[in-house]
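Numbering (this note's numbering), first residue to last: 40 to 725.
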Amino acid sequence: MITTQLLNPRSIVVIGGSNNTGKPGGKILYNLKDGRFKGALYVVNPKDPGVQGIKTFAGVHDLPQVDLAILAIAAKFCVETVEVLAKLKNTKAFIILSAGFSEESEEGAGLEKRIVEIIDGVNGSLIGPNCIGFLNSNYSGVFTTPVPGLDPGGCDFISGSGATAVFIMESGIPKGLTFSSVYSVGNSAQIGVEEVLKYLDESFDPAHSSKVKLLYIENIKKPDMLLRHSASLIRKGSRIAAIKSGSSAAGGRAASSHTGALAAPDAAVGALLRKAGIVRCYGRDELTTVASIFMHKELNGKNIAIITHAGGPAIMLTDALSNGGMEIPRIEGPEAKKLLENLFPGSSAANPIDFLATGTARQLGGIMDFCENESRNIDAMIVIFGSPGLFEVSDVYRLLDEKMKTCKKPVFPVLPSVINAEKEIKDFLAKGRINFPDEVSLGNGLAKVFYAEKPALPEKIEPPEMDDDKIRGVINSAAGGYLPPEAVRSLLDAAGIPGAAEAVVKTRKAALASAQRLGYPVAMKAAGPIHKSEAGGVVLNVKNPDTAGAEFDRLIKLPGTAAILIQPMLSGVELFAGAKREDKFGHLVLCGLGGIFIEVLKDVSSGLAPLTKEEALRMIRSLKGYGIIKGARGQEGVNEEMFADIIIRLSALVTAAPEIFEMDINPLLGGKDKVVAVDARIRIEK
Numbered sequence: 040m041i042t043t044q045l046l047n048p049r050s051i052v053v054i055g056g057s058n059n060t061g062k063p064g065g066k067i068l069y070n071l072k073d074g075r076f077k078g079a080l081y082v083v084n085p086k087d088p089g090v091q092g093i094k095t096f097a098g099v100h101d102l103p104q105v106d107l108a109i110l111a112i113a114a115k116f117c118v119e120t121v122e123v124l125a126k127l128k129n130t131k132a133f134i135i136l137s138a139g140f141s142e143e144s145e146e147g148a149g150l151e152k153r154i155v156e157i158i159d160g161v162n163g164s165l166i167g168p169n170c171i172g173f174l175n176s177n178y179s180g181v182f183t184t185p186v187p188g189l190d191p192g193g194c195d196f197i198s199g200s201g202a203t204a205v206f207i208m209e210s211g212i213p214k215g216l217t218f219s220s221v222y223s224v225g226n227s228a229q230i231g232v233e234e235v236l237k238y239l240d241e242s243f244d245p246a247h248s249s250k251v252k253l254l255y256i257e258n259i260k261k262p263d264m265l266l267r268h269s270a271s272l273i274r275k276g277s278r279i280a281a282i283k284s285g286s287s288a289a290g291g292r293a294a295s296s297h298t299g300a301l302a303a304p305d306a307a308v309g310a311l312l313r314k315a316g317i318v319r320c321y322g323r324d325e326l327t328t329v330a331s332i333f334m335h336k337e338l339n340g341k342n343i344a345i346i347t348h349a350g351g352p353a354i355m356l357t358d359a360l361s362n363g364g365m366e367i368p369r370i371e372g373p374e375a376k377k378l379l380e381n382l383f384p385g386s387s388a389a390n391p392i393d394f395l396a397t398g399t400a401r402q403l404g405g406i407m408d409f410c411e412n413e414s415r416n417i418d419a420m421i422v423i424f425g426s427p428g429l430f431e432v433s434d435v436y437r438l439l440d441e442k443m444k445t446c447k448k449p450v451f452p453v454l455p456s457v458i459n460a461e462k463e464i465k466d467f468l469a470k471g472r473i474n475f476p477d478e479v480s481l482g483n484g485l486a487k488v489f490y491a492e493k494p495a496l497p498e499k500i501e502p503p504e505m506d507d508d509k510i511r512g513v514i515n516s517a518a519g520g521y522l523p524p525e526a527v528r529s530l531l532d533a534a535g536i537p538g539a540a541e542a543v544v545k546t547r548k549a550a551l552a553s554a555q556r557l558g559y560p561v562a563m564k565a566a567g568p569i570h571k572s573e574a575g576g577v578v579l580n581v582k583n584p585d586t587a588g589a590e591f592d593r594l595i596k597l598p599g600t601a602a603i604l605i606q607p608m609l610s611g612v613e614l615f616a617g618a619k620r621e622d623k624f625g626h627l628v629l630c631g632l633g634g635i636f637i638e639v640l641k642d643v644s645s646g647l648a649p650l651t652k653e654e655a656l657r658m659i660r661s662l663k664g665y666g667i668i669k670g671a672r673g674q675e676g677v678n679e680e681m682f683a684d685i686i687i688r689l690s691a692l693v694t695a696a697p698e699i700f701e702m703d704i705n706p707l708l709g710g711k712d713k714v715v716a717v718d719a720r721i722r723i724e725k
């Protein structure tokens with residue numbers, strides 16, 4: 040829990056505070072003093088009677104009652120210290136900077152567990168251990184620099200890594216990005232990223248709370264909590280961007296189904312962040328660029344005016360925006376003529392609007408007024424203005440600041456001359472402005488923010504009608520492992536997933552009778568836990584009894600084959616849908632083009648169950664092969680509503696039967712009037 044004593048303590052003690060500001064105990068004490076903490080400040084140091092001008096106490100027993108304790112001592116001394124403070128000094132908040140806990144050894148993990156038990160016992164808060172600390176506008180409880188400018192309207196920043204938190208702040212501060220609070224949660228022994236988000240959600244005040252949250256996450260321990268409170272914050276008006284490190288395929292593992300192979304370790308993380316409405320970033324500069332975009336007026340359209348006095352940056356920005364799906368609408372005709380009337384000869388109004396290196400502040404103001412008031416086809420402006428070092432540009436930046444105050448459309452300043460115009464940029468930032476020194480980073484970030492999805496977590500998802508009793512009956516009566524074809528068909532039927540007519544046979548006689556009943560030509564497939572295509576276990580277009588008998592004899596001898604599945608030959612676009620249970624995340628549902636396309640192209644999209652109809656349609660439409668589903672070059676497409684319904688029903692099936700470890704339906708055959716399951720495998724783990 041996050042206590043008042045952590046957020047706004049009346050008194051703080053630094054255990055291990057010293058005069059050496061090259062060590063955590065000395066530096067954090069210096070930062071507390073430099074930040075002008077208004078409460079009582081104590082130090083425990085048995086070797087020095089005075090530290091940084093503060094009288095010290097020899098031990099924690101000598102202290103008066105104190106709200107917050109910051110520990111910068113060896114791990115082995117922390118348990119006893121915490122116990123005395125919690126039980127005798129009424130301390131309800133702790134920041135433990137020290138390393139040597141669960142990140143290091145089993146012995147350290149035991150110490151950490153004991154500390155949490157003590158603090159939980161007094162309903163206290165713990166940040167850390169193994170962290171850089173915590174800061175907000177009340178105190179600077181970190182042992183690092185820089186200490187950012189703290190502003191209630193700045194970002195709330197939560198980081199699982201102390202060093203990375205410093206580097207992210209170093210990326211953002213030169214841009215003018217401000218912070219409201221910084222939580223370095225370290226080992227997250229009691230309070231992790233998820234708990235901080237929960238607190239920020241439950242205490243959110245639209246009038247006073249920061250509306251921008253930044254996350255650096257190394258391990259998602261509580262996906263449900265992260266999802267629920269992130270989505271809630273965004274609905275309340277917040278905007279959230281996050282880095283989740285550890286996204287490479289090197290963490291992958293072998294799997295026996297298409298779904299298992301395609302559900303890479305990071306797929307569930309991506310699905311979770313999308314469902315929550317979080318903008319995912321992959322680097323420090325991208326995170327602070329997105330945060331800086333969040334700090335400006337919200338972009339309500341994708342039409343951008345680029346106003347520049349330099350051609351090269353404008354071209355690179357145009358490329359970045361266009362590649363991200365944004366529009367740079369051409370200005371022509373009477374509009375262009377009117378715009379050019381007040382610009383120097385040689386200027387261009389086409390968009391980018393280039394008013395040359397000799398352009399003036401007055402000309403910039405006129406261009407911005409035109410984009411703001413006279414052009415209906417402009418949703419936002421990006422102003423690029425640097426300096427070759429020949430003259431000051433203060434007047435331009437002053438005007439830019441004034442126009443940003445009055446413009447209703449978002450204005451994003453690109454001021455690239457961080458050396459030549461260092462003073463002017465510093466003055467611009469001092470007005471509370473933010474600079475985007477790199478136009479390509481801004482263009483990429485704008486596209487990412489504009490196309491970010493809204494939270495897909497309604498208060499309640501109404502599942503489709505299914506036969507839940509039949510589903511539970513099949514699951515409860517089954518052993519672990521792959522289900523036999525009859526059980527698979529029963530589950531799909533109970534979930535309302537349409538399937539092709541079929542027969543499962545174990546004898547040659549039954550195979551011939553079933554093929555005759557279903558009608559030639561038929562498909563014959565080995566049923567069992569084998570990869571049918573690679574093992575030669577699929578035969579298509581069997582046209583007569585002689586071929587059917589011969590293929591039965593061959594297929595039944597394949598290793599692992601328990602029976603033969605016979606179906607009439609069907610036509611349509613081959614599709615795929617599947618699900619995989621991910622530790623802590625629940626089930627990841629995937630869809631894509633089926634058959635060989637999924638193996639070659641690996642073009643899949645994913646979402647976390649349970650899914651809404653909007654999510655299912657988004658998954659379908661985000662596929663690279665969506666053009667095939669729509670119907671390309673006169674070919675019949677797929678009924679998207681039916682495909683989405685199957686994805687939703689699959690999502691509901693794995694929600695009703697969490698014992699399903701992985702399953703795939705491959706292929707589904709889709710056309711304009713039907714989408715049916717042709718083949719499926721389901722593996723359960725109880």
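No residue lacks a Cβ here, since even glycine has one placed at the ideal position from N, Cα and C.
Note that this is a predicted model, so its numbers are computed, not measured.
Residue range of the alpha helix (DSSP H) that includes residue i
| i | result |
| --- | --- |
| C117 | C117 to L127 |
| F196 | Counting along the chain, F196 falls outside any alpha helix (DSSP H), though it belongs to the beta strand (DSSP E) covering L189 to S198. |
| V235 | V232 to E241 |
| M658 | K652 to R660 |
| F682 | E679 to A695 |
Selected residue, minimal CA-CA separation from residue i, among the options
| i | options | result |
| --- | --- | --- |
| S57 | A97, R75 and K77 | A97 |
| D434 | T445, G404 and A113 | G404 |
| A565 | L557, Y559 and G576 | G576 |
| A359 | L557, N483, S644 and A602 | N483 |
| K487 | G316, N515 and E590 | G316 |
| P649 | P697, I392 and I667 | P697 |
| Q606 | V561, L594 and K548 | V561 |
| P584 | R49, S249, L597 and M563 | M563 |
| L531 | S645, L627, Y490 and L689 | L689 |
| G617 | I536, G611 and K623 | I536 |
| N474 | S610, V329 and K509 | V329 |
| A138 | T184, Y222, S200 and I157 | S200 |
Secondary structure of residue i, DSSP reduced to three states
| i | result |
| --- | --- |
| F218 | strand |
| F176 | The amino acid occupying residue 176 in the given sequence is Ser; Phe does not appear at that position. Three-state result, S176: coil. |
| E413 | coil |
| T744 | For the chain, the structure presents residues 40 to 725; residue 744 sits outside this window and is missing. |
| S553 | helix |
| N59 | coil |
| I51 | strand |
| A469 | helix |
| M355 | helix |
| V457 | coil |
| F76 | coil |
| Y559 | coil |
| Y436 | helix |
| G225 | coil |
| G290 | Note that G290 has pLDDT 40, beneath the 50 cutoff, so the model's placement of it is unreliable and the number below is only indicative. G290: helix per DSSP, three-state reduction. |
| G363 | coil |
| P213 | helix |
Beta-carbon proximity check, residue i vs residue j, cutoff 9 Å
| i | j | result |
| --- | --- | --- |
| A388 | L382 | yes |
| A540 | D507 | no |
| A17 | I417 | Given that the chain is displayed from residue 40 to residue 725, the structure contains no residue 17 and the question cannot be resolved. |
| A542 | S553 | yes |
| S227 | K260 | yes |
| F615 | D703 | yes |
| V232 | L266 | no |
| L632 | G664 | yes |
| I51 | G180 | yes |
| N175 | I135 | no |
| S426 | S456 | yes |
| N70 | F182 | yes |
Range of the contiguous beta strand (DSSP E) that encloses residue i
| i | result |
| --- | --- |
| E492 | It is not in any beta strand (DSSP E) - E492 carries neither H nor E in the DSSP assignment. |
| Q606 | A602 to P607 |
| G631 | G625 to L632 |
| D703 | I699 to G709 |
| E371 | Premise fails: E371 is in no beta strand (DSSP E) and is neither H nor E. |
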